[in-house]
Amino acid sequence: MKVVIATHNRHKVQEIRDILSEQEIELLSLDSFPEIGEIIEDGDTLEDNARKKARTVYNATGILSLADDTGLEVEALGGRPGVYSARYSGEHATYEQNNRKLLGELKKFPPEKRKAKFRCVISIIGKGIDEIAAGEVPGRIIDEVRGKNGFGYDPLFMADGYDITYAEMDSDLKNKLSHRARALEKAKIILTRLSGENRAM
Ligand code: IMP
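Going by my numbering, the sequence shown opens with residue 102, and the numbers climb by one from there.
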């Protein structure tokens, strides 16, 4: 079974590869399809964006495509940045700029008001196939960056039950408990079913 990971984000590709490593799936990345450029994420929801990415890549390749869209939803900010997590501090913002903006916006909030969750939505698109799998992890935003691993908001996010950030975890631990791991656990079940039905080529 072949699946294209429909993202240009090399961190996501690595995590998805690690988490799906024991499956009998040949995972391709967009490096194999240089003609597919940036896919504009202009949907109103994570589901819309994940579907758009997977659909674009399936239409271009004819191979079952899997896309992830992720948002960090902060309670004190009414769920922002959410679907706008990548461009929280502007178009083409760096991870550092987004983290700085988040710290600034949360400055006035005490620890108990800094609840947040990561939500990951995965879309799987193929011939006659349109499946969604989602996973989330509750936690909180700390008041300074900590840790060097991972990417994005990892240095600011502490999952409930842990006193280290995602960025202080090694990749094995993050990939066991993360929002992406939880969504991919469900995606694995879908892929196994599709493979059993001989619907995924
Ligand atoms: P995307 O729209 O799914 O590519 O992701 C939106 C933004 O969320 C990214 O630019 C990252 O800043 C952030 N993000 C996505 N996944 C993670 C993660 O696993 N850890 C930390 N930040 C993430």
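Glycine included, every Cβ here is placed at the ideal spot set by N, Cα and C.
Please read all numbers here as calculations on a predicted model, not as lab measurements.
- Tell me whether residue 180 counts as near the ligand IMP, meaning its Cβ is closer than 6 Å to at least one heavy atom of that ligand. In this structure, residue 180 has its CB at a distance of at least 6 Å from all heavy atoms of the ligand IMP.
- Query: Contact between the stretch 234-248 and the stretch 258-270: three or more CB pairs below 8 Å?
  - Reply: yes
- Query: Alpha carbon to alpha carbon, how far is residue 288 from residue 109?
  - Reply: Put simply, the backbone Cα of residue 288 is about 20 Å away from that of residue 109.
- Message: Any heavy atom of the ligand IMP closer than 6 Å to the beta-carbon of residue 186?
- Response: The ligand IMP approaches residue 186 closely enough that one of its heavy atoms is under 6 Å from the residue's Cβ.
- Item | Alpha-carbon spacing of residue 252 relative to residue 229, whole angstroms | Cα-Cα distance, rounded: 34 Å.
- DSSP on residue 168, reduced to helix/strand/coil? The answer is strand: DSSP assigns residue 168 an E or B state.
- Message: Just to confirm my understanding: we take residue 268, look at its own chain, exclude 5 residues before and 5 after, and list those with CB closer than 7 Å. What are they?
- Response: Taking residue 268 as the centre and dropping the five residues before and after it, the same chain places the C-beta of 247, 248, 249, 250, 251, 255 and 256 closer than 7 Å to its C-beta, in chain order.
- Okay, do the stretch 140-147 and the stretch 158-177 touch, 3+ Cβ pairs below 8 Å being the bar? In this structure the stretch 140-147 touches the stretch 158-177; the number of beta carbon pairs closer than 8 Å is three or more.
- Item | Sequence-distant residues of its chain with Cβ nearer than 7 Å to residue 218 (five each side left out) | 174, 237, 238, 239 and 240
- Query: Between the C-alpha atoms of residue 220 and residue 196, what's the straight-line distance to the nearest angstrom?
  - Reply: 17 Å
- Query: Do residue 166 and residue 107 have their C-beta atoms within less than 7 Å of each other?
  - Reply: Pairing residue 166 with residue 107 gives a Cβ-Cβ distance under 7 Å.
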